[in-house]
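Trainee:
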Amino acid sequence: MTVRTRFAPSPTGYLHVGGARTALFSYLFARRHGGRFILRIEDTDLERSTAESVNAILEGMAWLGLDYDEGPFYQTQRFDRYNAVIDELLAKGLAYRCDCPKERLDTLREEQMAAKLKPRYDGRCRSHEVDPGQPHVIRFRNPESGVVVVDDLIRGRMSFDNAELDDLIIRRTDGAPTYNLSVVVDDADMGITHVIRGDDHINNTPRQINILRALGKEVPRYAHVPMILGEDGARLSKRHGAVSVVAYRDQGYLPEALLNYLVRLGWSHGDQEIFSLDEMVALFDIGQVNKAAAAFDTDKLDWLNQHYIQHADPKRIAHLLRPHLGDLGIDPAEGADLLAVVKAQAARAKTLVELARISAFVYRDFEDYDEAAAKKHLRPAAEEPLASLRTELDMLALEDWEPGTLEHVVHRVAEELDLNLGKVAQPLRVAVVGRAASPGIDITLTLVGKEATLRRIDRALDHIRRLRAEG
RNA sequence: GCUCCCUUCGUCUAGCGGUUAGGACGCUGGCCUCUCACGCCGGUAACAGGGGUUCGAAUCCCCUAGGGAGCGCCA
């Protein structure tokens, strides 16, 4: 039997990290077992489903590289099929028409809650005829006794008493089938062997199994993955900042970093922290997934992202960095080789956004000096070394403007003035970068170029002289 | 309220009856060093509580506490 899994989001918003992890687990499980991964859009809620959300989900999946073998299928295109199944259930007496007015149901619920009972439909219409011509819903006739046992791949054995369940609506007054019916029909029709989904569906499982059985269909295996919590341990929501997968892309995260982070949230393989997608496929074991919810930790994601920025092909990083430089109004075509910039800076940034920000000085003069850096390094004592550097650097031919020579010049100036290297390199760095942090001074000067370097040294000398004039 | 589920360092986790309870992020001390990062070495910190079972429990059972989900003509 070939394994077939599916990811079945409802298009009522973007693809968030919780959904992405469920999709990842589902994808990995299928790939791991040589099976097929299917994407199905559960858009039966006509009110809330939007085309934008569908696009956002597809975009998120594509960015993460979670490619599916079949689909996307849309439930709205399968209404005829669901209705045929509902009619079949009706004909067999496994479902019935119900015309209980909403008000009655509301008061019933209130009474039950007041009596400390679990609110549920009382089965009033189970045995009375309802005129098919009048408004009504269709309810599934759930077994009244017995237990439904689910051997969940993650949770283990769970059992539910049928007496706790009620007759759920499978077709609305407007004729639209509901979620619990459509999932069951789709999973059966699409031959889904393993249903991997969020654990908020645990309580739906026994109902779905009952419908599956009424239909005479095979019951798939289930794996309910725990939810992802926000940094504070509370349920993930918008106030936790980025939750949308594409928002992470926009903030400069690499898809492999997010994927790696997500797979380790709830799953592990010994002490290994770094996993390529291929390794995940080879090692992933759904039975090894944790049962408890996990809190999202941006610090660890950042660490992984920095790792991947550092180890990825610099050419690719350079390519991905362009739009982020563009956001700063920088066109890297007009300046130092972007590849060289990436190689020099990759280990210094947690995100591509940060990488762009700390590299801007290469392409344009900075606005203001970092206050603390200027105060510490652009002091009167720095005037002499800077002036010497200005002279020495100015004498360099353009073809000598390279790391080896530049490092030599800086060292020589320090020796001539009998100063520590730091007393020379740091003022120079602040003069050229505006801040006290940058790649090695030789690389920094190489990237900035002769013209801008001399210009910025002059600016720093002005700064120091003005400072002295002010006393 | 009822049903189902969860509980190891701050966070992600290893552990599947015998371990000095391991790793990672974070934080932190140091090394490297022209700065910042990277890298390397070290430190900090956990079995929710209580009963059993057992020669021996983080591991098995029960109870308590805390947390979550569901109880829609949403998915």
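No gaps in the numbering here: position 373 of the first sequence is 376 in our numbering, and each next residue is one more. Cβ coordinates follow ideal geometry from the N, Cα and C atoms, glycine included.
(1) Contact between the stretch 41 to 60 and the stretch 172 to 186: three or more CB pairs below 8 Å?
(2) With H, G and I counted as helix, E and B as strand and the rest as coil, what does DSSP make of glycine 21?
(3) Suppose the cutoff is 8 Å on Cβ atoms and the five residues either side in sequence are ignored; what does the same chain contact list for arginine 216 look like?
(4) Check this for me: beta carbons of isoleucine 467 and leucine 392, under 7 Å apart or not?
(5) Threshold first: 4 residues or longer. Then list the alpha helix (DSSP H) segments lying entirely within the stretch 94 to 131, N to C.
(6) Please name the residue, chosen from Thr301, Ser279, Met64, Cys128, that lies closest to leucine 42 on a Cα-to-Cα basis.
(7) To the nearest angstrom, how far is the alpha carbon of histidine 414 from that of leucine 424?
(8) Identify every run of the beta strand (DSSP E) within the stretch 141 to 194, keeping only runs that are complete inside it and at least 3 residues long; order them along the chain.
(9) How would you write the range of the alpha helix (DSSP H) that threonine 394 sits in, first residue to last?
(10) State the start and end residues of the unbroken alpha helix (DSSP H) segment that holds proline 326.
(11) Take valine 249 and list the residues in its own chain whose beta-carbon comes closer than 8 Å to its own, dropping the five residues that flank it on each side.
(12) Check this for me: beta carbons of threonine 5 and serine 29, under 7 Å apart or not?
(13) Quick test of the definition: if touching needs 3 or more C-beta pairs under 8 Å, does the stretch 427 to 437 touch the stretch 398 to 410?
(14) If you drop the 5 nearest sequence neighbours on each side, which residues of the same chain put their C-beta closer than 8 Å to that of alanine 377?
(15) Confirm the yes/no value for this check: CB of lysine 294, any heavy atom of the ligand SAH, distance under 6 Å.
(16) What's the gap between the Cα of threonine 447 and the Cα of glutamate 337?
(17) Could you work out which residue in Pro12, Glu73, Ser56 is closest to glycine 38 when comparing CA atoms only?
(18) How do the stretch 83 to 97 and the stretch 194 to 211 stand: do at least 3 beta-carbon pairs fall below 8 Å, yes or no?
(19) If you run the structure through DSSP and keep just helix, strand and coil, what is leucine 232?
(20) Between which two residues does the beta strand (DSSP E) harbouring isoleucine 44 extend?
(21) Please report the straight-line C-alpha distance between proline 122 and aspartate 170, rounded to a whole angstrom.
(22) Please name the residue, chosen from Asp445, Asp134, Gly255, that lies closest to leucine 396 on a Cα-to-Cα basis.
(23) From glutamine 254 to leucine 355, what distance separates their C-alpha atoms?
(24) Could you give the residue range of the beta strand (DSSP E) that holds arginine 216?
(25) Name, in chain order, the residues that DSSP records as bridge partners for serine 247.
(26) If you run the structure through DSSP and keep just helix, strand and coil, what is tyrosine 311?
(27) Can you say whether leucine 331 is buried or exposed, counting buried as having 16 or more other CB atoms within 10 angstroms of its CB?
(28) Tell me which same chain residues have a C-beta within less than 7 Å of the C-beta of glycine 126, skipping the five on either side of it?
(29) According to DSSP, which residues form a beta bridge with arginine 9?
(30) What residues match up with glutamine 291 in a beta bridge as DSSP calls it?
Mentor: On the basis of the data shown:
(1) At 8 Å Cβ cutoff, the stretches touch.
(2) To locate residue 21, count along the first sequence from 1; it is residue 18. In the structure shown, glycine 21 sits in a helix (DSSP, three-state: H, G or I).
(3) Here residue 216 is taken as the residue at index 213 of the first sequence, counted from 1. Same-chain partners within the cutoff: Val222.
(4) Looking up residue 467 in the first sequence gives position 464. Looking up residue 392 in the first sequence gives position 389. No, they are not a contact pair.
(5) Fully contained in the stretch 94 to 131 are the following alpha helix (DSSP H) runs of length 4 or more, in chain order: 105 to 117.
(6) Working through the first sequence from its first residue, we reach residue 42 at position 39. The shortest Cα separation from leucine 42 among Thr301, Ser279, Met64, Cys128 belongs to Met64.
(7) Counting from 1 along the first sequence, the entry for residue 414 is found at position 411. Counting from 1 along the first sequence, the entry for residue 424 is found at position 421. A straight-line Cα-Cα distance of about 7 Å links histidine 414 and leucine 424.
(8) Those beta strand (DSSP E) runs which fall completely within the stretch 141 to 194 and span 3+ residues are 150 to 155, 159 to 164, 172 to 174.
(9) Your numbering for residue 394 matches position 391 in the first sequence. Here the alpha helix (DSSP H) through threonine 394 covers 386 to 398.
(10) Sequence index remark: in the first sequence, residue 326 carries index 323 (1-based). If you look at proline 326, you'll find it in the alpha helix (DSSP H) that goes 317 to 330.
(11) Taking the first sequence and counting its residues from 1, one reaches residue 249 at position 246. The answer, listed in chain order, is Tyr17, Leu18, Ala59, Glu62, Gly63, Trp66.
(12) Here residue 5 corresponds to residue number 2 of the first sequence, with the count starting at 1. Here residue 29 corresponds to residue number 26 of the first sequence, with the count starting at 1. No, the pair does not count as a contact, with Cβ atoms beyond the cut-off.
(13) The stretch 427 to 437 vs the stretch 398 to 410: no contact.
(14) The sequence position of residue 377 within the first sequence is 374, counting from 1. Only Val433, His466 meet the Cβ criterion.
(15) Absence of the ligand SAH is noted for the structure shown, with no ligands found whatsoever.
(16) Numbered from its first residue, the first sequence carries residue 447 at position 444. Numbered from its first residue, the first sequence carries residue 337 at position 334. One C-alpha to the other measures close to 17 Å.
(17) The residue given as residue 38 occupies position 35 in the first sequence. Of the residues Pro12, Glu73, Ser56, the one whose Cα lies closest to the Cα of glycine 38 is Glu73.
(18) No: fewer than three Cβ pairs fall under 8 Å.
(19) Here residue 232 refers to the residue found at position 229 of the first sequence. DSSP places leucine 232 in strand when its eight states are reduced to three.
(20) Looking up residue 44 in the first sequence gives position 41. Run containing isoleucine 44: 39 to 44, per the beta strand (DSSP E) assignment.
(21) As a first step, residue 122 is located in the first sequence; it is residue number 119 there, counting from the start. As a first step, residue 170 is located in the first sequence; it is residue number 167 there, counting from the start. Straight across, the Cα-Cα distance linking proline 122 with aspartate 170 is about 12 Å.
(22) The count along the first sequence starts at 1 and reaches residue 396 at position 393. Answer by Cα proximity: Asp445.
(23) Position 251 of the first sequence holds residue 254. Position 352 of the first sequence holds residue 355. Taking the Cα positions, glutamine 254 is about 7 Å away from leucine 355.
(24) Residue 216 sits at position 213 when you count from the first residue of the first sequence. Premise fails: arginine 216 lies in the alpha helix (DSSP H), 208 to 217, not in any beta strand (DSSP E).
(25) If you number the first sequence from 1, residue 247 lands on position 244. According to DSSP, serine 247 bridges with His19.
(26) Residue numbering aside, residue 311 sits at position 308 when the first sequence is read from its first letter. It is helical.
(27) As a working mapping, residue 331 is identified with position 328 in the first sequence. With a threshold of 16 other beta carbon atoms within 10 Å, leucine 331 falls short and is exposed.
(28) Walking along the first sequence from the start, residue 126 turns up at place 123. Cβ neighbours of glycine 126 beyond the five flanking positions: Asp170.
(29) As a position in the first sequence, residue 9 is number 6, starting the count at 1. Here arginine 9 is bridged, per DSSP, to Ile41.
(30) Looking up residue 291 in the first sequence gives position 288. Beta-bridge pairing links glutamine 291 to no other residue.
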